[in-house]
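Participant: Chains as they are written, first to last, in our numbering: chain U, 6 to 343; chain H, 46 to 341.
Handing you a structure now.
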């Protein structure tokens with residue numbers, strides 16, 4: 006029998022430090038455009054890793070991440086929006102809200118809480134569904150959120166979108182939140198909760214027989230994903246300073262699923278690698294799309310890559326595992342004799 | 046006032062017919078391979094663009110329809126061979142992701158090759174004749190859509206109920222392994238189901254373009270998803286169910302917009318998907334579906 010994984014603090018700390026050095030270098034040496042790109046790649050990492058908990062570990066097929074991002078982003082953006090422009094841009098806001106202008110952190114947290122609460126409500130309705138039924142229901146959620154925001158234009162400016170959101174995020178902010186998301190996912194995966202999630206993914210009936218509260222665990226996985234999606238939305242909107250109801254839509258949901266599948270369903274390292282690689286690849290292909298006038302090329306290539314991956318290596322780059330050097334505690338731990 | 050209601054009713058039937066055409070193919074394919082074909086809606090787009098190309102080349106309308114039908118057949122067979130057959134037997138989620146990827150590929154391939162700009166699409170002028178029905182007048186297009194749907198569905202039901210390939214199809218849908226043991230060529234039968242279902246979707250594309258006047262490479266997305274909702278309402282895997290679901294959804298959508306105060310009409314799509322979630326919760330097998338597998 007193997008002892009449960011202990012967290013190798015040294016390896017983890019070294020990775021975080023290395024990341025910080027890389028962030029410092031990127032910040033110091035590269036152009037603004039590339040720094041923004043790095044931020045976006047990290048936000049994708051955060052989204053993918055949190056989706057690894059929902060879809061990868063627990064086996065829920067949720068496409069709802071963009072919906073929660075949209076909620077988190079709009080709530081945070083409305084809270085940080087300059088107070089003197091609010092009465093003009095969002096006439097329906099109640100007066101107590103219209104005079105507020107918050108800092109980034111509290112605004113983002115409130116946004117994430119809003120996303121989380123909506124995930125709880127939605128989760129109670131849709132988490133009884135399975136497989137592709139859940140997928141289509143969460144896809145429907147994206148559309149419902151978009152339609153509602155489009156129509157509540159007194160609060161959100163509707164289809165015009167919200168522009169002129171202050172650029173309050175920088176690479177360090179994004180990095181810190183990404184580290185937190187990865188840390189939380191990593192701890193969950195290697196704790197009893199993660200085992201319970203994996204058990205549900207592999208065999209729900211058996212998990213139930215082991216005494217796992219299936220519904221609660223699924224809801225937790227779903228809600229946790231939604232929290233980080235809300236945070237990611239808040240970060241993104243304060244990075245690119247614009248949002249429209251369709252900014253985070255079905256193409257994004259698809260790309261996130263691609264990142265999860267290519268990285269390996271349930272592998273956090275895989276998710277990180279795939280998120281960075283695919284988001285940078287998409288960006289690198291943009292100039293080609295423009296010069297060749299072949300818009301949509303990157304999406305076609307990503308989809309093709311996914312189909313090939315599903316045919317040739319359906320478990321993804323890393324399967325459900327993590328690379329050895331991050332788990333060195335497993336090798337060093339004394340084997341219990343049974 | 047009756048005139049207004051009658052008008053809305055016919056609008057609903059028209060939209061319901063289009064949904065039903067797409068939903069039936071969706072349901073046939075689901076029934077036989079137990080996979081949602083996310084790219085089914087994109088066959089609608091392919092049908093519409095095939096029509097545009099044919100009309101642009103000066104083909105007479107009477108010839109256009111059969112060729113579009115054939116395009117749908119080819120598209121269906123290609124989709125089956127390229128994506129569904131290699132992953133048959135893989136976990137359901139894998140199949141679902143693969144068809145999602147296929148849909149993204151077709152849509153973005155369309156954007157790449159055909160440009161994302163919407164194109165105008167016109168039926169011949171005869172189709173805009175107004176036909177009086179009781180107190181209301183209806184355009185000929187709407188009547189043609191409803192009639193075409195009823196005829197095609199009738200033919201399809203005859204094929205599935207009365208012919209040997211149809212019987213093979215039902216047997217394969219019932220139990221693939223046993224059907225194979227009975228000497229049915231399962232590969233060919235599955236292909237036939239894709240061919241028939243996609244042919245209906247392609248014709249729906251022709252009618253959709255003619256009715257709404259504009260087509261673009263992403264136009265298949267909404268009908269595809271709504272056809273799924275229609276299938277769920279009627280019971281996934283059942284052909285009559287898909288038809289009933291399509292009509293209920295079409296009527297529901299039109300009445301939602303037509304009967305409620307105008308400030309609600311923007312919530313049309315939210316209504317459709319809220320219905321989906323509600324039906325899945327309250328009536329997971331739909332109206333006519335059988336509870337042979339777990340959905341919830």
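Glycine included, each C-beta is placed from N, C-alpha and C at the ideal position.
(1) Check for me: the alpha helix (DSSP H) holding residue 92 of chain U runs from which residue to which?
(2) Where does residue 150 of chain U sit, in a helix, a strand or coil, going by DSSP?
(3) Interface residues of chain U around residue 141 of chain H at Cβ under 8 Å?
(4) Can you tell me whether residue 165 of chain H is buried or exposed, with buried defined as 16 or more other CB within 10 angstroms of its CB?
(5) Less than 8 Å between the CB atoms is what I'm expecting for residue 134 of chain H and residue 88 of chain H, so what's the real figure, rounded?
(6) Can you tell me which of the three DSSP states residue 62 of chain H falls into?
(7) Could you tell me whether any Cβ in chain H is nearer than 8 Å to the Cβ of residue 84 of chain U?
(8) Only counting the same chain, and skipping five residues up and downstream in sequence, which positions put a Cβ closer than 7 Å to that of residue 273 of chain U?
(9) Tell me which same chain residues have a C-beta within less than 7 Å of the C-beta of residue 281 of chain H, skipping the five on either side of it?
(10) For residue 285 of chain U, I'd like the list of residues in its chain whose CB is within less than 8 Å of its CB, leaving aside the five on either flank, ordered along the chain.
(11) Among the residues of its own chain, which have a CB less than 6 Å from the CB of residue 213 of chain H, if the five just before and after it don't count?
(12) Using alpha carbons as the reference points, say which of U/161, U/232, U/183 and U/214 lies closest to residue 97 of chain U.
(13) Where does the unbroken beta strand (DSSP E) through residue 175 of chain H begin, and where does it stop?
(14) How many Å lie between residue 302 of chain U and residue 26 of chain U at the Cα?
(15) Can you say whether residue 210 of chain U is buried or exposed, counting buried as having 16 or more other CB atoms within 10 angstroms of its CB?
(16) Report the neighbours of residue 304 of chain U on chain H: residues whose CB is nearer than 7 Å to its CB, in chain order.
(17) Taking 8 Å as the CB-CB limit, is residue 205 of chain U close to chain H?
(18) Helix, strand or coil for residue 246 of chain H per DSSP?
(19) Going along chain U, which residues have a C-beta under 7 Å from residue 325 of chain H?
(20) For residue 76 of chain U, go through chain H and note every residue whose CB falls closer than 8 Å to its CB, in chain order.
(21) How is residue 56 of chain H classed by DSSP in three states: helix, strand or coil?
(22) Taking DSSP's pairing of strands, which residues face residue 164 of chain H in a bridge?
(23) Counting only beta-carbon atoms, is residue 125 of chain U nearer than 8 Å to chain H?
(24) Rounding to the nearest angstrom, what Cα-Cα distance links residue 201 of chain H and residue 201 of chain U in this structure?
(25) Can you give me, in chain order, the residues of the segment 146-167 of chain U that have a beta carbon less than 7 Å from any beta carbon in chain H?
(26) Output yes if chain U places a C-beta closer than 8 Å to the C-beta of residue 131 of chain H; else output no.
(27) What first and last residue would you give for the beta strand (DSSP E) that runs through residue 36 of chain U?
(28) Return no unless some Cβ of chain U is closer than 8 Å to the Cβ of residue 64 of chain H.
(29) What residues in its chain sit with their C-beta under 6 Å from that of residue 81 of chain U, if we drop five residues either side in the sequence?
(30) Check whether the Cβ atoms of residue 164 of chain U and residue 249 of chain U lie closer than 8 Å to each other.
(31) Nearest to residue 231 of chain U by alpha carbon, out of U/218, U/174, U/30 and U/146?
(32) Can you tell me which of the three DSSP states residue 303 of chain U falls into?
(33) By the three-class DSSP mapping on this structure, what secondary structure does residue 95 of chain H have?
(34) What does the alpha-carbon distance come out to for the pair residue 99 of chain U and residue 16 of chain U?
(35) In chain U, which residues lie with their C-beta within 7 Å of the C-beta of residue 81 of chain H?
(36) Quick one: what's got a C-beta closer than 6 Å to residue 22 of chain H's C-beta in the same chain, skipping five residues either side?
Facilitator: Put simply:
(1) In the DSSP annotation of this structure, the continuous segment of the alpha helix (DSSP H) that includes residue 92 of chain U starts and ends at 88-94.
(2) Helix at residue 150 of chain U.
(3) Within 8 Å of the CB of residue 141 of chain H, the CB atoms of chain U belong to 66, 136, 137 and 140, in sequence order along the chain.
(4) With a 10 Å radius around the Cβ and a threshold of 16 neighbouring Cβ atoms, residue 165 of chain H comes out exposed.
(5) About 24 Å separates the Cβ atoms of residue 134 of chain H and residue 88 of chain H, ruling out a contact at the 8 Å cut-off.
(6) Residue 62 of chain H: helix per DSSP, three-state reduction.
(7) Contact with chain H is absent for residue 84 of chain U, since none of that chain's Cβ atoms lies less than 8 Å from the residue's Cβ.
(8) Here residue 273 of chain U has 54, 57, 187, 190, 191, 194 and 327 as same chain residues with Cβ atoms under 7 Å from its own Cβ, once five neighbours each way along the sequence are excluded.
(9) Excluding residues within five positions, the ones whose Cβ falls inside 7 Å are 72, 75, 331 and 334.
(10) Within the same chain, residue 285 of chain U has close Cβ partners 42 and 46.
(11) Short of 6 Å from the beta carbon of residue 213 of chain H, and not among the five residues preceding or following it, lie these beta carbons of its own chain, in chain order: 229 and 234.
(12) Across the set U/161, U/232, U/183 and U/214, the C-alpha of U/161 shows the shortest separation from the C-alpha of residue 97 of chain U.
(13) From DSSP, the beta strand (DSSP E) with residue 175 of chain H extends over 175-178.
(14) Between the alpha carbons of residue 302 of chain U and residue 26 of chain U lies a distance of about 34 Å.
(15) That one is exposed.
(16) Within chain H, the residues near residue 304 of chain U are 149 and 153.
(17) It does not; no Cβ of chain H falls within 8 Å.
(18) For residue 246 of chain H, the secondary structure class from DSSP, reduced to helix, strand or coil, is helix.
(19) Within 7 Å Cβ-Cβ: 134, 138 and 142.
(20) Chain H residues near residue 76 of chain U: none, gap ~14 Å exceeds 8 Å.
(21) Looking at residue 56 of chain H - three-state DSSP - the assignment turns out to be helix.
(22) Its beta-bridge partners are H/260.
(23) No - not a single Cβ of chain H is within 8 Å of the one on residue 125 of chain U.
(24) Between residue 201 of chain H and residue 201 of chain U, the C-alpha separation is close to 47 Å.
(25) Of all residues in the segment 146-167 of chain U, 148, 149, 152, 153, 155 and 156 have a Cβ within less than 7 Å of some Cβ in chain H.
(26) Judged by the 8 Å Cβ criterion, residue 131 of chain H is in contact with chain U.
(27) Under the DSSP assignment, residue 36 of chain U falls outside any beta strand (DSSP E); it carries neither an H nor an E label.
(28) When Cβ-Cβ separations below 8 Å define contact, residue 64 of chain H makes no contact with chain U.
(29) So the list reads 112, 113, 116 and 239, once near-sequence residues are dropped.
(30) Judged by their CB atoms, residue 164 of chain U and residue 249 of chain U are nearer to each other than the 8 Å cut-off.
(31) Of the candidates U/218, U/174, U/30 and U/146, the residue whose Cα lies closest to the Cα of residue 231 of chain U is U/146.
(32) Under the three-state reduction of DSSP, residue 303 of chain U is assigned to helix.
(33) In this structure, residue 95 of chain H counts as helix in the three-state DSSP scheme.
(34) Approximately 50 Å between the Cα atoms of the pair.
(35) Those are 137, listed as they occur along chain U.
(36) No answer is possible for residue 22 of chain H: it lies beyond the span of chain H, which begins at 46 and ends at 341.
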